[in-house]
Structures are given as C-alpha cells and as structure tokens.
Amino acid sequence: MGLKRQSVTINGVTKIVMFNPETDTLADVLRRHGYLGVKVGCGKGQCGACNVILNDKLTRSCVKKMSTVEEFSTIETIEGFGTAANLHPLQVAWMTYGGVQCGFCTPGFIVSAKALLDQNPDPTREEVRQWFQKNRNVCRCTGYHPLVDAVMAAAAVMRGEKSIDEITYKGEESVYESRMPRPTALAKVLGQMDYGDDVRHHMPEETLHVAIIQPRKYSHARIRGIDTSAAEKMPGVVKIVTAKDVKGTNRMLEPLPHPTCTMAGNECKLICDDTIYHYGDLVGCVIADSNEHARAAAAAVVVDLEPLPEYRNYLDAVAVGAQSIYEKSPTNIYMKQPVLKGEDTREVIDDSYCSVEGSFYAQHEPHLSVEGEVLQCYYDTDGNVVVHCKTQALDWNRSAIADGIGVPVENLRLVMNPAGGAFGWACHPAGPAMIAICMLAVDRPVTCTLTYEEFMHYSGKRTASYTNARLACDENGKLSALEFDIGCDHGPYFSDAYPELEAMVRFPGYPYVVPNIRGLARMAVTNHAFGVAYRGLGSPQCYTSFEALIDMLAEKMGEDPFEFRYKNVARPGETTTNSRPYRQPSIDKLMEAMRPHYEAARKSIEGRETEDKAYGIGISCGGFMSNIGANDHSECALELNPDGSITHYNTWEDVGQGGDIGTLTHTAKCLEPLGITPDRIHLVMNDTHRCPDSGIAAGSRSHFMVGNATIHAAEQLMDAMRKQDGTYRTYDEMVAEGIPTWYKGVYDCTGTAEGIDFKTGEGDPNNTMNYGCFMAVTEVDKKTGAAKVIKVVITADVGVIGNQLAVEGQAYGGISHTIGYALKEEYDDVKKSGSIAGAGVPYIEDIPDDIQVYYYEDNPREHGPHGSSGCAELFQSSGHMSVINSIYDAVGVRIYELPARPEKIKAAMDAKAEGREMKPYRYFLGSDMFDTIEEISEL
Numbered sequence: 001m002g003l004k005r006q007s008v009t010i011n012g013v014t015k016i017v018m019f020n021p022e023t024d025t026l027a028d029v030l031r032r033h034g035y036l037g038v039k040v041g042c043g044k045g046q047c048g049a050c051n052v053i054l055n056d057k058l059t060r061s062c063v064k065k066m067s068t069v070e071e072f073s074t075i076e077t078i079e080g081f082g083t084a085a086n087l088h089p090l091q092v093a094w095m096t097y098g099g100v101q102c103g104f105c106t107p108g109f110i111v112s113a114k115a116l117l118d119q120n121p122d123p124t125r126e127e128v129r130q131w132f133q134k135n136r137n138v139c140r141c142t143g144y145h146p147l148v149d150a151v152m153a154a155a156a157v158m159r160g161e162k163s164i165d166e167i168t169y170k171g172e173e174s175v176y177e178s179r180m181p182r183p184t185a186l187a188k189v190l191g192q193m194d195y196g197d198d199v200r201h202h203m204p205e206e207t208l209h210v211a212i213i214q215p216r217k218y219s220h221a222r223i224r225g226i227d228t229s230a231a232e233k234m235p236g237v238v239k240i241v242t243a244k245d246v247k248g249t250n251r252m253l254e255p256l257p258h259p260t261c262t263m264a265g266n267e268c269k270l271i272c273d274d275t276i277y278h279y280g281d282l283v284g285c286v287i288a289d290s291n292e293h294a295r296a297a298a299a300a301v302v303v304d305l306e307p308l309p310e311y312r313n314y315l316d317a318v319a320v321g322a323q324s325i326y327e328k329s330p331t332n333i334y335m336k337q338p339v340l341k342g343e344d345t346r347e348v349i350d351d352s353y354c355s356v357e358g359s360f361y362a363q364h365e366p367h368l369s370v371e372g373e374v375l376q377c378y379y380d381t382d383g384n385v386v387v388h389c390k391t392q393a394l395d396w397n398r399s400a401i402a403d404g405i406g407v408p409v410e411n412l413r414l415v416m417n418p419a420g421g422a423f424g425w426a427c428h429p430a431g432p433a434m435i436a437i438c439m440l441a442v443d444r445p446v447t448c449t450l451t452y453e454e455f456m457h458y459s460g461k462r463t464a465s466y467t468n469a470r471l472a473c474d475e476n477g478k479l480s481a482l483e484f485d486i487g488c489d490h491g492p493y494f495s496d497a498y499p500e501l502e503a504m505v506r507f508p509g510y511p512y513v514v515p516n517i518r519g520l521a522r523m524a525v526t527n528h529a530f531g532v533a534y535r536g537l538g539s540p541q542c543y544t545s546f547e548a549l550i551d552m553l554a555e556k557m558g559e560d561p562f563e564f565r566y567k568n569v570a571r572p573g574e575t576t577t578n579s580r581p582y583r584q585p586s587i588d589k590l591m592e593a594m595r596p597h598y599e600a601a602r603k604s605i606e607g608r609e610t611e612d613k614a615y616g617i618g619i620s621c622g623g624f625m626s627n628i629g630a631n632d633h634s635e636c637a638l639e640l641n642p643d644g645s646i647t648h649y650n651t652w653e654d655v656g657q658g659g660d661i662g663t664l665t666h667t668a669k670c671l672e673p674l675g676i677t678p679d680r681i682h683l684v685m686n687d688t689h690r691c692p693d694s695g696i697a698a699g700s701r702s703h704f705m706v707g708n709a710t711i712h713a714a715e716q717l718m719d720a721m722r723k724q725d726g727t728y729r730t731y732d733e734m735v736a737e738g739i740p741t742w743y744k745g746v747y748d749c750t751g752t753a754e755g756i757d758f759k760t761g762e763g764d765p766n767n768t769m770n771y772g773c774f775m776a777v778t779e780v781d782k783k784t785g786a787a788k789v790i791k792v793v794i795t796a797d798v799g800v801i802g803n804q805l806a807v808e809g810q811a812y813g814g815i816s817h818t819i820g821y822a823l824k825e826e827y828d829d830v831k832k833s834g835s836i837a838g839a840g841v842p843y844i845e846d847i848p849d850d851i852q853v854y855y856y857e858d859n860p861r862e863h864g865p866h867g868s869s870g871c872a873e874l875f876q877s878s879g880h881m882s883v884i885n886s887i888y889d890a891v892g893v894r895i896y897e898l899p900a901r902p903e904k905i906k907a908a909m910d911a912k913a914e915g916r917e918m919k920p921y922r923y924f925l926g927s928d929m930f931d932t933i934e935e936i937s938e939l
C-alpha cells in the first residue's frame, strides 16, 4: 500500500497528512487525525453528518476521495467553530432553540448552516430549508423546525441585529417546566460527544477489529458449509468466529408468556449455525488487527447456502399449503389474543343503521437513525465482560444474552455509549451478544462498526400488519360496534412480540367509545425483517385501520369527520376497548382546542384548488401508554457528596429523547427544599455495574417511572438529612452520626393496574395514558400523485410538562416520522432499502415548516411524578392517518396500503376517473376469527 503525504490547513492550522489515495476519504483522514466531530452516518453522502467546509465549499467528507483534495486546501470542521468558553452563535442557538437531541447530526448541520451564512448572511426560512435540502442534511430527532429557528436566531447575531446574550438561555425560577437545554448539549454542539465510532478511536492499541460475515443472498436458506480457509490466510487475521466458537447456548431469550404461544422464545440464534431466517442474519465474524483487514477477510469467506421457501410477508406465511418456518408452529401463527366487549358484533353490525368495512396494510418501517450499530467489548479490572453499545434496555439485554454467550449475568456489564438516535431498534441485543462472543474468542478488546447497509439488514424494523375490519354506528352517528382481525408480520424472531400483541388489541378504537367489540390479533413468523420496538409499539398499525374507518363512516353518514369524531371520543367514566374506564381522558378537550384550527384550515383551502394541485385536511385522534404494564418497575439512587452536591445514578437510556435533562429536572424538582441548583447535580448513568436498574427506555415510560423512583429516593435522603428543627444535615454531619448518604428509590406499578386477560382482552395494564388530536393539511399534485404535507397542528395532553424543549423535540420528531410512515418510509425491497435514502428517510422539504403544537396541562396525572405522564409515542401514534385522510379529502381516493407513494395515489386517481375503486381484497389471515376466539376461550 503506497501512501501519499501532503499539506492541508485544518481550522487555520497547517498540518501534514498521510493517506492511501486509492481508498481513503476526507472523513477517514480527518477522523484519524482526531477531528471526531466529523461524524460518519450513512457513508454514502446521503445524511450530511460528515459535512466540512473544503476550500469555502460545503462538502460531504464521507464520499470525498482524499485523492481529489488538492494540496494546501483549507478545511473547516466543527472543532474550529468555538470553544466551551467562546461558542459560535450557531452553537448557542442550537442549544437554546432545541436543535440538540441525540446530537449525532448536530456538527454536520452546524457546519452546513455556517457555509450558508458565509454566502447568504440574511436568509429567509425557506432559503434555510432549501439549503439543507440541497445539501442532504438529515435529522431524525427534531423534525427540522427547531434547526431553522436556530439558524435564523444565529444569523441575526452574526449580522449584529441581536447580541449573543439575547439568544442564550438564562435560566428560570423552576427547573421543572422550564426550557433548560440538556446537560449534554454543549459537548454535542462542540463535536466533542464521543459516540460509538468515536469510542473506537480511544480504545487501547491492542484492540482488535471485527467485521461481520453477512451473506445477504437469501432470506431463508440452509447453511451447507462455511469455507474460511482463504480468509484465515489473509493479512492481519487473528480469528474467524462461527457458531461453533460460541461458549454459551448461542440463543437469545425473549419471554413469550402467553398461553396461546407455540414458540419457546429462544429461536433467535446469536450466530446462525444451520439456517438463515432473514436477509440480514450473521453466520460469523472476522477478527483482525485492523478494520480494513477484517473487512477484506470477511469478503473472502465463502458461505454455501441452499435456498429454502421464503415467506417475506404474513399473507404468504399463513397461506394454505405454506411450509412451517419453525416446526413448533405449523401454521406460522404462534400467538393469538382476542378482545371481547359487549355483544356479538356480527349481529350488531348487521342490524346497525350504517356500517363500513375495509382491509388495510401498514408496512415494515425502518427506524433510520443516522448512526448505526457500533460496539466495543473488553474485560474490566474485576474480570467482568464489558460491552459498550447503543441500547434502550441495559438490564433486559443482559438477561437476554448472558446464557447465550456463556457468561454469568452478574459478570456481564453493559455500558451505553452516547447514542445517535434509535427510536426502538436498540431494544434488541443481537449486537451486544455478537461483540461479546468475539471478545471471548480472543480474550482481547474488540471493536466493531457496521456499515450502514449492514446495520439496515441486521437490525429490526416496525412490524408490518394486515387488518380486516368493520365499524358501525346508529342513526345518531354514535358508534355501535367494531370488528377487527389483525395479522402481525413479526419476522423470524420475537423481540417485544408479547407486548406488541397486547397493544394490537388495545388501540383499535382508542380513544373513542365503542360499546361492542370483537377483535383478534395474530402474531406470525416470516422471513422478513424481525419486528422490534418502534415509537408507539403496535398502536400505529391499529390506527391505520380504525382512523380510516371512522372517516369512511362519517362520510357515509354525511357528517363532518371532525364533528363525527367529537361526538364519539371518550369522556370521563366511559370505557376502553378492553372494558375498563379510560384513565383521565381529555380527548374531548383536545378536540375543542383543535376546532378553531380545523375551521381556519377549512377556510384557508376554499377555492385554492388549481388545475394541477388539490388540497385536503385530515384529522385523527390517538394516544399511547406511559409505562409498559401492570408490573412495571424502576429504580434509581441519589447520593449526597462531601461537597454537598448530589449524584443521581440510573439507567435511563438516552437515545436522544432526553434522559439527561429528564434526570436533572426530576432531581432538581425533588430536592427543591435543599436548594440544590442544577450545576450541583452530577449524573452517573447507563452502566449496569454502577447504576440501579431503571428499566427499558420505551413505552413512553422513563420520565414517568424514573421520575417516581426519584421522588422516593429524594424523600428518603431528605428524611435522613432533616434535623428536628427542620434544617438539613451536611455530609460531614451525616457521616459523623453514622447516617447513610446513598438511597435507592423504587417505583412499582403493581396494584395500580391490571393485566390483559388472554381469553377476553379485558384489563387495564397502564395506570397512566396520554391523548392527542392531529390535523394535517396536504397538497396533492394531480398529475403525479405526489402528496406534500404543508401544515400540521397537534393538540396534546401529556400531563404537566417537565422540560418544554424535550417535549417539543419529541413532538416535532414524531411528526417527521409519522409523515415518513404515511408517505415514503419502507423496508421491503432489501436491495433498495439498504441505504438511508433508499428506505425513504424524510428530508427537510418533506416536512412542513408550519408545525403548531398545543399542550393541555390542566389534567395532572394521579400517578404521575409532579403530574406528568410520558410523551414520546403519543406523537407517533395516529398522526400518519391525518395525512392519509387529508389525501382522501383532497382528491377523493383512499390509500389502504401504506406508504402512500405518488404512484399509488396516481393509480387510485386514475381508477376513480375510470369508475373503478382501488382497494385491497379481504386478506386471508388464518382460520375464521370467531372460531379462533372460541378455541381460545376453551384453553
């Protein structure tokens, strides 16, 4: 390998760099020289995380070959913009206006914004958006709106129209309910937050590199042989690991405690030994002295595969004559959950005044975090196996993989790296298991960074679903009955299958009142991507059918879809789909708050239609839960330090939603009597051997559960510190009197909620819920069928808001995901879906700048910490159906199968013009729904 040596100027400093002109990119060289603020996400120039300014031109450095960089070039990276003591206005604005969430895309955006302001110091908001669109900057967390706010504010400072002080957060009287930026924001805007691949650069010299062997040829195949002979002889190769090298059971454990379940929950092999079950499965790993050597050897491994029947969707897997993917489940359907409320719906619907029916498909949705999977593993000084990873379930993941890798759970230590988003996929611990297997095989530190394509096929996706449903009402437009049969394509493995199954019989009909319901949710194995958690677990699929049906029923009744919903939403005392009273329902209040926006939007599109464009308005109602069930449990700990400061220990996994600011906010609020200010609160988080188990960061539970645990810990600490005269002991006084200074807080939901009955679906698993109403205004191009959302309004009830910026971030980010889900995001064609753009990531011009979110806080939660609920998944529950309904309102065609790509809309418009209706046939989902319900009742 020949190296080239040349001079460049980086952030004003002349440096000599050496590189391989055949392979190295500008990003490779900059990161090798320590400029780790240059992040590499997609690796294909599609996300902008790697942006630098090269010779005064914004450049995506991950695809800029170093051989094309001229000698004496000037390069600006985020590291040259500002320091902690002297921030650039863009860095200040990004923190103050909520531009920082996970922060992985932040350096690339700030560099991009500076390049814009260098040439256009006074841009309009639209010009900022056009710039980010042209330069392919992607953010999955913020929905883009706060980023444009930040650019506009910083530009005013740079023009001298505002002072830096005017755009700097000053603090507020109370930390709770404030707009305080998150504690990690400073490191993120400086490019100094060390994400997974940055940690790789800090590992000791003896660290080895891992590359995965991922055949990516078939979605179902028998492994006839793996020939590693050529690869073993290649430079730098230390070991090639296959299933025979796994020291444990080589299986992941996923509890499936449902009485109807025919599977064991341990079918997921950590490294495949005899069969590949989906396109992204691994058959081994190469461990070498460099990433380049490991990847070259992995490419030389020959895997002999015998194709087996591939069932890449639910309908094919359960069709008559389909072969079993696993012997234990002969029909490929392995779990079933009915829900029964009121009378038999067959008679009620047949006798009702009005009814509608339809069949609906919700697709596999990719999470599309800009950072993929990165892992490290080593032994610590106590002999524990330490895995650094991106995870949303530290202690759950330990339990799931310990036996599989052959390490006692108490000796397996998981540490969460700062994470560049996840949205649910990081609940699944396949990556942590794989890297631990590799480290144990060589007894040396190892690191692994998957390419984005490898990550896309290796990680799970939102479960796809097929639904047949009917909905009826009486002559007054009051809902009378709902009937639904939903088939869930969960792929070959079972991550979160059980809670998702329950969700699928809870959210059809939420948050409305339907007196008579018969429903069935079926979970099946297929050879498509395995299902994992994704914001709103199971609920978006339910809303896909119900929020379409309620629009269809309103139209058939000749009623306005808004008013039809308003008369049917839940009020206090009315019951859920699962026959229990709604928990503090406020959806009627949210619709009342939405009404003037709806009426104004109606007026705004009157007469707006042109020969080429049509405009429509869509409404949907939704919500989600705020913990993960009737026995949810969370722990944290508070410690008084010698200097009087406080340390908070927890495993509130932060993947951008704000575990850091949430922890800080709760701690400051709980310890207000001590006068503790935020700067005197230290956070020790996300290390299983240092922190109590706070539980999974999912189900919109963390703010709610950790907040309640913090209250308990704070009460104990303050009780111990309190003297008889009401003042508080110092640390020294506590020690002198032999009083502990460390207290564990616990919050457990047992006794406050009721699990779902497996025969009837009756129950009330969550003691706190949230509610929302969504409105989308959409423009449809009548010639192409392209739909563009131009306005979104949300009215939301998440209880008392702990941190305004964090909740706004979840709202804006959720909006961007729901629009993507409605219109373009899909993991289906594995060849196309391996890149962030190919899978349909929304860029800034796919998301409207006109986003309005209004909060109803006059409903403090009975069980919530300081009156709060949880929020994240509310904003990705039913909003996508406001988009789908707005398309119908615009051009009179309903899209039954998501996503609503232009070609689907155009085909439906053409069919309508020809007098045909485009809708899916009634799906065959297995045995008759009512026969199946009867069979379950006899178990």
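For what it's worth, full-length UniProt numbering labels the leading residue of the sequence shown as 1, then goes sequentially. Glycine included, every Cβ here is placed at the ideal spot set by N, Cα and C.
- Per DSSP, the beta bridge partners of I16 are S7.
- As the crow flies, the alpha-carbon of L394 is around 8 Å from that of E653.
- Runs of beta strand (DSSP E) with 3 or more residues, each lying fully within the region 446–507, are found at 446–449, 464–473, 479–489, listed in chain order.
- Under the three-state reduction of DSSP output, V746 falls in the strand class.
- If you draw a straight line from the Cα of L117 to the Cα of D56, it is about 12 Å long.
- If you check the CB distance, E917 and A911 come in under 8 Å.
- Bridge pairing for E897: Y361 [DSSP].
- A residue is called buried once 16 or more other Cβ atoms fall within 10 Å of its Cβ, and H202, having fewer, is exposed.
- In this structure, Q657 is the residue among V706, Q657, D443 with its C-alpha nearest to the C-alpha of C141.
- A direct Cα-to-Cα measurement between D660 and T184 gives close to 7 Å.
- Nearest to S174 by alpha-carbon distance, out of I933, K919, S878, H866, is H866.
- Y195 and A419 have their C-alpha atoms some 6 Å from each other.
- Beta bridge pairing from DSSP links R522 with K336, G487.
- In this structure, DSSP gives V286 an extended state, which the three-state scheme calls strand.
- A distance below 8 Å between beta-carbons, with the five flanking residues on each side excluded, links A637 to the following residues of its chain, in chain order: H648, Y649, N650, C691, P692, A713, W742, Y743, K744, G745.
- Residues G48, N51, L58, W131, F132, N135, N137 of the same chain have their beta carbon placed closer than 8 Å to that of S112, with the five preceding and five following residues left out of the count.
- Looking from the CA of V514, the closest CA among K44, G477, S359 belongs to G477.
- Taking 8 Å as the cut-off, the Cβ atoms of N11 and T83 do not count as close.
- For Q716, no beta strand (DSSP E) segment is defined; the enclosing uninterrupted segment is the alpha helix (DSSP H) at 702–721.
- In this structure, DSSP gives M918 a state outside helix and strand, which the three-state scheme calls coil.
- The beta carbon of S324 sits closer than 8 Å to the beta carbons of P330, T331, N332 from its chain, once the five residues preceding and following it are set aside; these are given in chain order.
- Between the region 161–170 and the region 792–800 there are fewer than three inter-stretch CB-CB distances shorter than 8 Å, so the stretches are not counted as touching.
- Note: H388 is bridge-paired with Q376, V415 in the DSSP secondary-structure output.
- About 5 Å separates the beta carbons of E502 and I756, which is inside the 8 Å limit, making them a contact pair.
- Taking a 10 Å sphere around the C-beta of T677, we find fewer than 16 other C-beta atoms and assign the residue as exposed.
- Taking a contact as a CB-CB distance under 8 Å, the pair A362 and P540 counts as one, their CB atoms being some 6 Å apart.
- With fewer than 16 other CB atoms across the displayed protein chains lying within 10 angstroms of its CB, Q119 is exposed.
- Per DSSP, the continuous beta strand (DSSP E) segment holding G622 begins and ends at 613–625.
- Judged by beta-carbon spacing, D496 lies within the 8 Å limit of L537, meaning their Cβ atoms are closer than that value.
- Setting aside the 5 residues that flank it on each side, M193 is surrounded in the same chain by G103, T184, A187, P418, each with a C-beta closer than 7 Å to its C-beta; the list follows chain order.
- Within the same chain, D485, L520 come within 6 Å of M929 by CB-CB distance, once the 5 residues on both sides are set aside.
- Taking all protein chains in view, the Cβ of N767 is crowded by 16 or more other Cβ atoms within 10 Å, so the residue is classified as buried.
- With at least 16 other beta carbons inside 10 angstroms of its own, E635 counts as buried.
- Closest option to I815, judged by alpha-carbon separation, among E873, D858, L147: E873.
- Excluding residues up to 5 positions away in sequence, V387, C389, T391, L394, N397, R398, P432, T688 lie with their Cβ nearer than 7 Å to the Cβ of L414 in the same chain.
- The criterion of a C-beta distance shorter than 8 Å is satisfied by S877 and Y543.
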